[in-house]
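Take the sequence shown: its position 71, counted from the start at 1, is 89 in my numbering, and no numbers get skipped.
Quick reminder that beta carbons are idealized off the backbone N, C-alpha and C, glycines included.
All values derive from a computational prediction rather than experimental measurement.
Below is one structure; the comments refer to it alone.
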Amino acid sequence: MNNKSAGTEVVVIGSGASGLAAALTAAEGGARVTVFEKERSLGGTSNFFEGTFAVESDMQREKYITYSRDEAFKNIMEYSHWLANPRLVRAIVNESAATIAWLQNTGVVFSDATINMPDSPRTYHVVKGKGEAVIKALTTRAKEKEVDIRLSTPVKRIIKQGATIAGVVVEENGEERQVSARAVIIASGGYANNKEWIKKYTGFDLGVNLVPIGNVDKMGDGIRMAWEAGAADEGKSLLELYRVGPMEPDFAMGSQIEYTVVQPNLWVSPRGERFCDESVAFYDSLVGNAAAKFKEGFTYSLFNDSIVQRMLERGIDKGVVVGVPPASKPTDFYREIKAALERGSKEVFVADSVEELATKISVNPTVLKATIDEYNQSCEKRHDELFAKDSKYLWPIKGPKYYAIKARTVFLGTMGGIKINEKTEVVDKKEAVIPGLYAAGYDAGGMYGDSYPIKTSSGLASAFALNSGRLAGKNVLKYLGK
19 MNNKSAGTEV VVIGSGASGL AAALTAAEGG ARVTVFEKER SLGGTSNFFE GTFAVESDMQ
79 REKYITYSRD EAFKNIMEYS HWLANPRLVR AIVNESAATI AWLQNTGVVF SDATINMPDS
139 PRTYHVVKGK GEAVIKALTT RAKEKEVDIR LSTPVKRIIK QGATIAGVVV EENGEERQVS
199 ARAVIIASGG YANNKEWIKK YTGFDLGVNL VPIGNVDKMG DGIRMAWEAG AADEGKSLLE
259 LYRVGPMEPD FAMGSQIEYT VVQPNLWVSP RGERFCDESV AFYDSLVGNA AAKFKEGFTY
319 SLFNDSIVQR MLERGIDKGV VVGVPPASKP TDFYREIKAA LERGSKEVFV ADSVEELATK
379 ISVNPTVLKA TIDEYNQSCE KRHDELFAKD SKYLWPIKGP KYYAIKARTV FLGTMGGIKI
439 NEKTEVVDKK EAVIPGLYAA GYDAGGMYGD SYPIKTSSGL ASAFALNSGR LAGKNVLKYL
499 GK
């Protein structure tokens, strides 16, 4: 190692939003920091988020958004049925506004404080340039503060002397080397690509009935090392679930067929039965939970030409991403459908009758017909007697063309593993702090109960990464006596 790394006080494992936030915060306080990233590039999945949660920020105050820290705390805790760690939740919520200001000071530009779903508080701070801009700004400032950032250098083990953290072992240029440090912050991004762990802790078969989105080589390295160092576990089975389709390689993310899949029309299970109030479409984690009940790993979105025509005339009800808001019109839908059929897609189906559609999607025609008939009756009555869907989303499916699109159960990451306290200090099975060891972001548990509370706190996943990283950096400084 060079002389710079030889003087390291703080090692950060991972260069995503949580790792870089932790590294920069510690460096701003005078600590000598080295970041080890096993990939060849920085940021990981943090490059892709579009906005982040905060309450009582200056941007919100300027817009007379009065949603308070107390309200946010209560809503997150109640959503989790108080399974989440209340002191940790409170710490993250309280830190959130200051983190927005801190990011702005590093050069991050926020275009709006808004919301991306109905009937929810305006907590979503939209980032100009997405997460990639945040990673770039944090990296630039970290380098100015002389943070040593090492790419393609995985951390293999954490070293302890007695009960205290003493450093790490890294692999650099094919050789293992020891790096001494007084504190280690784990921010390696979870275990979304670890097939064995996904099966063991969630029951899914990765790539078969559960598809990771945007994750590369997330094997749970940091979680494993923390457990080896004596850490307790928390939240290791939690996934940030969603439902999206079609998923064949020829379909680009954000295709106009995808617009139609996520709209609150009729959704059916692999058996052809309706399975939820489809207006949960607006809330990703609710959608993911509803779809994840089917271990086949997919469901279907059904609609007809009149529903397509309605979208072409008045636009979609649910926005897809920040750049595709409600009222956007899928003007290329028919062209995309034609192209998909011509190349023999196995996830896009068109038929002239319900019975033909059922055959194409391998569903019992009698079951599918009964499902559609019952749904159409609800549409005619303007009342959903089964799942009480809002009547404004009840539109009958009566041909002349019938469409079915396969929607996969997907996830954006794992959301726990290492038990921490409100200071992001890692604790053991007796709740005792492991001195000098911290965890943040997707590696850390305790922020959520059994689901991601997106309806009351949109943008919380990225906010937990950023704010837990900030808290880790601040508390490391206290630990170091700076």
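Contact check for Ser475 and Ala90: beta-carbon distance about 6 Å, within the 8 Å limit, so the pair qualifies. Check the Cα spacing between Thr432 and each of Val451, Gly464 and Lys407: the tightest is with Gly464.
For Asp130, the enclosing beta strand (DSSP E) begins and ends at Phe128 to Thr132.
In this structure, the beta-carbon distance from Glu68 to Lys146 does not fall below 7 Å. Lys473 has its alpha-carbon roughly 22 Å from the corresponding atom of Arg426. In this structure, DSSP gives Pro453 an extended state, which the three-state scheme calls strand. DSSP places Asn322 inside the beta strand (DSSP E), whose first and last residues are Phe316 to Asn322. Taking the Cα positions, Ala479 is about 15 Å away from Gly435.
Proximity of the stretch 234 to 252 to the stretch 282 to 298 falls short of the contact definition, fewer than three beta-carbon pairs being nearer than 8 Å.
The DSSP assignment places no complete beta strand (DSSP E) segment of no fewer than 3 residues inside the stretch 84 to 123. Burial is judged here by how many other beta carbons sit within 10 angstroms of a residue's own beta carbon; Pro348 has at least 16 and is buried.
Just so you know, the alpha carbons of Met77 and Ala481 end up roughly 16 Å apart. Nearest C-alpha to Val144 among Asp137, Ile133 and Lys154: Ile133. By the Cβ rule, the stretch 382 to 401 counts as touching the stretch 410 to 421, because three or more pairs are nearer than 8 Å. In the three-state scheme derived from DSSP, where H, G and I count as helix and E and B as strand, Ala369 is classed as strand. Rounded to whole angstroms, the separation of the alpha carbons of Arg105 and Val73 is 17 Å. Under the three-state reduction of DSSP output, Thr432 falls in the strand class. By DSSP's assignment, Gly69 forms a beta bridge with Val144. Bounds of any beta strand (DSSP E) do not take in Thr26, whose DSSP letter is neither H nor E. Counting every other CB atom within 10 Å of its CB across the protein chains shown gives Arg242 a total of 16 or more, marking it as buried.
The alpha-carbon of Arg195 is positioned some 5 Å away from that of Val187.
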